[in-house]
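Chains as they are written, first to last, in our numbering: chain A, 1 to 346; chain B, 1 to 346; chain C, 1 to 346; chain D, 1 to 346. The beta carbon of each residue, even a glycine, is placed where N, CA and C say it ideally should be. Notes follow once the structure below has been shown.
Protein chains: 4
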Amino acid sequence: MERVAVAVVGASGYTGVELLRLLSVHPGVTLTHLSAHKNAGLRADALFPSLLGRVSLTCQSFDADQVAAAARVAFLALPHGESVPVARALLERGLTVLDLSADFRLRSADDYSKWYGPHAAPELLEGAVYGMPELWRERLRGARLVAVPGCYPTATILALAPLLAARLIEPAGLIVDAKSGASGAGRTPSLGTHFSEIGEGVRAYKVAEHRHTPEIEQELARAAGAPVVLTFTPHLLPMSRGILSTCYATPTDGERPRAAYLEALRARYDGEAFVHVVEHPPDTAHLRGGNAVHVGAWVDARARKVVVMGAIDNLVKGAAGQAVQAMNAVLGLPEPTGLGGAGVFP
Amino acid sequence: MERVAVAVVGASGYTGVELLRLLSVHPGVTLTHLSAHKNAGLRADALFPSLLGRVSLTCQSFDADQVAAAARVAFLALPHGESVPVARALLERGLTVLDLSADFRLRSADDYSKWYGPHAAPELLEGAVYGMPELWRERLRGARLVAVPGCYPTATILALAPLLAARLIEPAGLIVDAKSGASGAGRTPSLGTHFSEIGEGVRAYKVAEHRHTPEIEQELARAAGAPVVLTFTPHLLPMSRGILSTCYATPTDGERPRAAYLEALRARYDGEAFVHVVEHPPDTAHLRGGNAVHVGAWVDARARKVVVMGAIDNLVKGAAGQAVQAMNAVLGLPEPTGLGGAGVFP
Amino acid sequence: MERVAVAVVGASGYTGVELLRLLSVHPGVTLTHLSAHKNAGLRADALFPSLLGRVSLTCQSFDADQVAAAARVAFLALPHGESVPVARALLERGLTVLDLSADFRLRSADDYSKWYGPHAAPELLEGAVYGMPELWRERLRGARLVAVPGCYPTATILALAPLLAARLIEPAGLIVDAKSGASGAGRTPSLGTHFSEIGEGVRAYKVAEHRHTPEIEQELARAAGAPVVLTFTPHLLPMSRGILSTCYATPTDGERPRAAYLEALRARYDGEAFVHVVEHPPDTAHLRGGNAVHVGAWVDARARKVVVMGAIDNLVKGAAGQAVQAMNAVLGLPEPTGLGGAGVFP
Amino acid sequence: MERVAVAVVGASGYTGVELLRLLSVHPGVTLTHLSAHKNAGLRADALFPSLLGRVSLTCQSFDADQVAAAARVAFLALPHGESVPVARALLERGLTVLDLSADFRLRSADDYSKWYGPHAAPELLEGAVYGMPELWRERLRGARLVAVPGCYPTATILALAPLLAARLIEPAGLIVDAKSGASGAGRTPSLGTHFSEIGEGVRAYKVAEHRHTPEIEQELARAAGAPVVLTFTPHLLPMSRGILSTCYATPTDGERPRAAYLEALRARYDGEAFVHVVEHPPDTAHLRGGNAVHVGAWVDARARKVVVMGAIDNLVKGAAGQAVQAMNAVLGLPEPTGLGGAGVFP
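Following this line, the structure appears as structure tokens:
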């Protein structure tokens, strides 16, 4: 196939290096340009020795014209808020943009402003497609602006949406208790990600106020056909990668057996390349480095609750891998192209 | 003070070594006897080099008469099911027994049989006191048989009981999502505790069927004055020690501010030596090696839920430390005796 | 290209699953057969959920005729000592055998017997080729029996051999202090690989008696053109993957600058796909999941020593990846075929 | 006994919090004053929740008169270079000073200037006593200025000094390969201590240029009665605490059996409260939180080398614990006072 020229804007964070790892072996693209504000002038493999022998491009300062001259597709791995002007400039120059920040994920500028502050380009929101191919495959084909989902939303939405859509669980009262590795916090050093502070303990953070909440609610409400307001508690775990989302729901019928939930998940994900319904509790250790999602469901008959779990590698299916999968969907390539690797276990 | 002679029966597991660590610096006791079935003939500090220079006793095969000749108080750190005959033999010989297994924790032999199978000595259950001094201090004084609580129950009960007792949260629909370090699984090697399998990932286990569930329900029902049936999901984390219990409850009044929950916790634990109400999310890293409990509460006003957390070191306040604290209560010693150490952080 | 049918015998250990991960995306082979003694009847993706969607073959009991009917190339991932009869049976049936055990690595049956006991098929040793393409590329082409190197030897030999060959360091008095993740110990649970025992500490093991010693000496002696007797100390670290070999050597000229050592390494590895000479201390975190080797050298001018380091992923370049690279060399495929992925960092 | 009033200057780093943990349970002292430049006004237990219920003092800005008014003994846990003026001011006011930085560890201002730059108060060096009681017990009694040793030197010197003193190993050609947990790097966040960068890998740092080198050489030369120039390579491991120093030496007699080295170590450390000679490889996991040192020796008869190991908790025997032990020696208290705890294992 003819290779598509792609650029990565914001190449020096963990999402950036993961994009480079994946794109460097993708048979349908050629990596032609890297931007990295603070690291302009440095080679990618100097920034990340893991790329030695794989990616030798030098990072540039961002210049929309340069990116447009070099690439047809751009991935933006920028901090929240910084994507808007970059995306606009690249869209104006005719590029397809896959943005990995939160800037275009919410359909409602109002919702955005409640959690992030005023949106700098609300007019772009309508055209943006939520980049989760399992949910938005049809609209992704040929899309110009893709909002690649967040890591917690990916693990959570893929676990819960089929059960809400099938009316097996109530949209009210959902609890999402999520556990994440430290790479989700990015590469900027802080006390909260300092090894000795977090290397051998667990704690929650941003209790009842994490910004991924409205994104989860938006997509689950669409699946449920009803508003969803849920409780979301993220936790930081002593591991680099992985998200496990443990969700608690009230069944619409308390007598329904576990098999019904598993069957609904299997029916929904039949034919999906990356989502696997498992009977054992999903383990993030099985997913490291791969784009797979493991989902499962249990019934707590005594308490009349359903426990639903979704697990991913936060940097792959939760970020860079999903972005590549979405790009494949946009370009009409088979979705698994370049994403065929199994998880690196152990 | 005159030192009390104490024995540890089952000295070769993690609970055993933790008892030895704590008892070896306790100013009110003298460690006089160790039993360890498989390791009889070995010195404690050969089994556990961490004890070099601290505990040089040699492990014996269990013999009730020997224990009775050597000690007035016995701690049993045996697998579930093995404590009953040992406890009976030592009680008959006049010893005070603190049992760290599940054998005497449930008041109802019926409940026990549902989760563990038939109880071998239901007649002993009535006299056993649940060894959580914060709840059962009065009955512990002079008790002969103490059922030291489990690790998950300790973190969970101490977080939720005050809010139930104060009628701030509903007893129905409680969700307990707990995270534990690997030492809670004991010292017997298995694939499920093999480093490479679990060292860099997270997973749930025994979903909706963990045997600590009835113990939590029993004590919370007492606090609530109403039956409690809850959903409990334990998770295994890549760390050795620590339990964080993240609990989700429905408030009895959805408009109540966070301060009310914090105040109820503070009021309940005022004067307690080991329970601290914290405003930041409790972090198990702060608690390692110490007997402290950190509890906190948050309100999710949007979703009308209360999030309550309890964190402990599973081997200290969740096992050996609580056992020593209970012994202090039994003997009439100040509860912090021998337990004064802060957590080893980082 | 036409795909070659390959079998994996011993598919249920960590080397086995890593072979399956790599071979399942290799464009030149088709995985046609798996043997796994204890797990016969189980699907590979049931044994290892990381393979879900990637490898759905069912493990068989080993039967040489079946393997021969199914495959032209066989990888043996068996415990030391078990490979000999399997290799012989497959060689007799015309297969090409890549053995990942130690059974065929030593050229001298005498050396073998000193470290492992009597060799069961010394007549096969002469024909076996040491499967490190950087050293034995020419002999690998068309080889019938390949002895894939051990993990410690790979990291150590690739670091030291060029400096010995260039007569920059003395062959006498070499010290090798190696650090390994726990996956090198395999998948069989034991106290020595139990999470709580090793998850937060470091220790040496098999001091001055590890069986990889003669293998390192054999290859370094060849490079040096002189006998090599060295001190080798492996250490177990709290991580799953990675080996760092820190080597100490006496320079043949104490005034020689660092650049000379780096230049010798660069000259030797010019054109090699997988070996990279780095100026920063090699970090196993950069190598996880990839087949790369990072080597570097430092001069301690004060003490007149040279410090040489080699780092790899023990399961990839230290086992399965090197086996695939060797197979490529045997079959005349470009060596990087199927091994193009960068390390999974972080 | 009458309690001595003590202050901690620099209470907000990891050495500081460890001093607070230890001093808060020391029966011979009362903690009366904390200084912490950046955290003045904060309570110690707000900075470190591990201290809740144990240390409630509020940190002050440093003021020598205030410290002198409050305490008779001061521990300085300040960055290298900052201790000199503080120590001088407190000495002038009559306090006993235990400094945990490198400022007073080297006897020679020349040596200091080679590794650290010009010394700001060379006249104080002569009076400073190296605070390792096992070596300098006699001079510590009544000392006014104690230079508490570094972590790497402690593990290394205690392993090697007895064998050098007994002329069992050569002073020339010593190799020290050391492995450390991340807490040794302090509490200031940086990319080099960011969890995701270092949480699952190993690397060396400051190869042949670490500033602990001259300190090790100074004390070993004294033991050997001859100059010592050695090669020292520190490594960073994915764990919070612990140092293992693996040392390689040439025996003065290549035929000498292992028992001779073990015997020399045992003879030297007979009666020492904290140093234990072990036959298994020392494991830092056994030492966490305690002041113990485990040392051992092996003979590599083939290569005519002796492998000597020392392991400690870097924050206890490698910093705060050794400081308290040294204070006990200064004050004439039994050295184990307040340091009786076993390692927290697992």
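### Query
Helix or strand or just coil, what does DSSP make of A/F195?
Position 195 of the first sequence, counting from 1, holds the residue named residue 195 of chain A. A/F195 falls in the helix class under three-state DSSP.
### Query
What residues from the stretch 224-248 of chain D come within 8 Å of chain A, judged by C-beta to C-beta, listed N to C?
P238, M239 and S240
### Query
For the stretch 2-24 of chain A, which residues have a beta carbon sitting closer than 7 Å to at least one beta carbon of chain C?
Y14, V17, R21 and S24
### Message
Going residue by residue through the stretch 104-148 of chain D, where are the continuous alpha helix (DSSP H) segments of at least 4 residues, counting only ones entirely within it?
### Response
Complete alpha helix (DSSP H) runs here, min 4: 109-116 and 133-140.
### Message
Closer than 7 Å between beta carbons: that is the criterion. Which residues of the stretch 303-323 of chain C meet it against chain D?
### Response
Residues A303, K305, V307 and M309.
### Query
How would you write the range of the beta strand (DSSP E) that B/S35 sits in, first residue to last?
Mapped onto the second sequence, residue 35 of chain B falls at position 35. B/S35 -> beta strand (DSSP E) spans V29 to S35.
### Task
Could you please tell me which residues of the stretch 191-203 of chain D, in chain order, have their CB closer than 9 Å to any CB of chain A?
L191, G192, T193, H194, F195, S196, E197, I198, G199 and E200
### Under the three-state DSSP convention, the category C/M327 falls into
Taking the third sequence and counting its residues from 1, one reaches residue 327 of chain C at position 327. Helix.
### Query
At which residue ranges does the stretch 242-292 of chain B contain complete alpha helix (DSSP H) runs of 4 or more residues, listed in the order of the chain?
258-269
### Query
Can the beta-carbon of C/E215 be found less than 8 Å from the beta-carbon of C/V228?
Counted from its first residue, the third sequence places residue 215 of chain C at position 215. Counted from its first residue, the third sequence places residue 228 of chain C at position 228. Contact: no.
### Task
With 7 Å as the C-beta to C-beta threshold (strictly closer), list the residues of the stretch 40-54 of chain B near chain D in chain order.
F48, P49, S50, L51, L52, G53 and R54
### Message
Could you compute how far the alpha carbon of C/A226 sits from the alpha carbon of A/R43?
### Response
Along the third sequence, read from residue 1 onward, the residue named residue 226 of chain C stands at position 226. Along the first sequence, read from residue 1 onward, the residue named residue 43 of chain A stands at position 43. Answer to the nearest angstrom: the Cα atoms are 41 Å apart.
### Query
How do the stretch 50-68 of chain A and the stretch 25-35 of chain A stand: do at least 3 beta-carbon pairs fall below 8 Å, yes or no?
yes
### Query
Mind listing which residues of the stretch 257-279 of chain D have their C-beta closer than 8 Å to chain B's C-betas, in chain order?
Hits within the stretch, in order: A273, F274, H276 and V278.
### Task
Under 8 Å between beta-carbons, which chain B residues line up against C/P189? List them in chain order, please.
The residue labelled residue 189 of chain C in the question sits at position 189 within the third sequence. Those within 8 Å of C/P189 in chain B are P189, S190, L191, T193 and H194.
### Query
Do D/P133 and D/G338 have their C-beta atoms closer together than 8 Å?
As a first step, residue 133 of chain D must be located in the fourth sequence, where it is residue number 133. As a first step, residue 338 of chain D must be located in the fourth sequence, where it is residue number 338. Annotated as distal: D/P133 and D/G338, with beta-carbon spacing of 8 Å or more.
### Message
Report the CB separation of C/P281 from D/V207 in whole angstroms; it is logged as a contact under 8 Å.
### Response
Here residue 281 of chain C refers to the residue found at position 281 of the third sequence. Here residue 207 of chain D refers to the residue found at position 207 of the fourth sequence. At roughly 6 Å, the Cβ-Cβ gap stays under 8 Å, so C/P281 and D/V207 are in contact.
#### Entry: Stretch pair the stretch 296-307 of chain C + the stretch 258-267 of chain C: three plus CB contacts closer than 8 Å
The stretch 296-307 of chain C vs the stretch 258-267 of chain C: in contact.
### Query
Helix or strand or just coil, what does DSSP make of B/V228?
Taking the second sequence and counting its residues from 1, one reaches residue 228 of chain B at position 228. When secondary structure is reduced to three states using DSSP, B/V228 falls in the coil class, being assigned neither helix nor strand.
### Message
Please identify the residue among D/D313, D/E279 and D/L57 whose C-alpha is closest to the C-alpha of D/S240.
### Response
Within the fourth sequence, numbered from 1, the residue matching residue 240 of chain D stands at position 240. Measuring from the Cα of D/S240, the nearest candidate turns out to be D/D313.
### Message
Strictly by DSSP, which residues pair up with A/P234?
### Response
The sequence position of residue 234 of chain A within the first sequence is 234, counting from 1. A/P234 pairs with A/A178.
### Task
Would you mind stating whether D/V29 and D/V4 have Cβ atoms separated by less than 8 Å?
Taking the fourth sequence and counting its residues from 1, the one referred to as residue 29 of chain D is at position 29. Taking the fourth sequence and counting its residues from 1, the one referred to as residue 4 of chain D is at position 4. Contact flag set, yes.
### Query
Who are A/L76's beta bridge partners in DSSP?
Counted from its first residue, the first sequence places residue 76 of chain A at position 76. A/L76 is bridged to A/V9 and A/D99.
### Query
Is the distance from the Cβ of A/V247 to the Cβ of A/L174 below 8 Å?
To locate residue 247 of chain A, count along the first sequence from 1; it is residue 247. To locate residue 174 of chain A, count along the first sequence from 1; it is residue 174. Residue 247 of chain A is actually Cys in this sequence, not Val. The answer is yes: Cβ separation under 8 Å.
### Task
Could you pull the start and end residues of the beta strand (DSSP E) that D/I350 belongs to?
What is shown of chain D runs 1 to 346, which leaves residue 350 of chain D out entirely.
### Message
Check for me: the alpha helix (DSSP H) holding B/G16 runs from which residue to which?
### Response
Within the second sequence, residue 16 of chain B is the residue found at index 16, counting from 1. Taken as a continuous stretch (DSSP letters only), the alpha helix (DSSP H) holding B/G16 covers Y14 to L23.
#### Entry: Residue burial classification, B/E197 (beta-carbon count within 10 angstroms, cutoff 16)
Here residue 197 of chain B refers to the residue found at position 197 of the second sequence. With at least 16 other beta carbons inside 10 angstroms of its own, B/E197 counts as buried.
### Task
At 4 residues or longer, and completely inside the stretch 52-76 of chain D: list those alpha helix (DSSP H) runs for me, N to C.
64-70
### Message
Let me check one thing: in DSSP terms, what residues is C/R43 bridge-paired to?
### Response
Position 43 of the third sequence, counting from 1, holds the residue named residue 43 of chain C. Per DSSP, C/T58.
### Query
Would DSSP call B/K305 helix, strand or coil?
Start at 1 with the first residue of the second sequence, and residue 305 of chain B comes out as number 305. In the structure shown, B/K305 sits in a strand (DSSP, three-state: E or B).
### Task
Could you check which residue in C/S245, C/V84 and C/R139 has the C-alpha nearest to that of C/L331?
To locate residue 331 of chain C, count along the third sequence from 1; it is residue 331. Ranking the options by Cα distance to C/L331, first place goes to C/R139.
### Query
Helix, strand or coil: how does DSSP classify A/V84 here?
Within the first sequence, residue 84 of chain A is the residue found at index 84, counting from 1. Note: A/V84 maps to helix in three-state DSSP.
### Query
For A/A348, does the three-state DSSP call read helix, strand or coil?
Coverage of chain A is limited to positions 1 through 346, which leaves residue 348 of chain A absent and any answer about it impossible.
### Query
Is B/A204 helix, strand or coil when you go by DSSP?
Your numbering for residue 204 of chain B matches position 204 in the second sequence. Three-state DSSP puts B/A204 in a strand.
### Task
Decide if B/G127 is buried, meaning its Cβ has at least 16 other Cβ atoms within 10 Å, or exposed.
The residue you call residue 127 of chain B lines up with position 127 of the second sequence. It is exposed - the Cβ of B/G127 has fewer than 16 other Cβ atoms within 10 Å.
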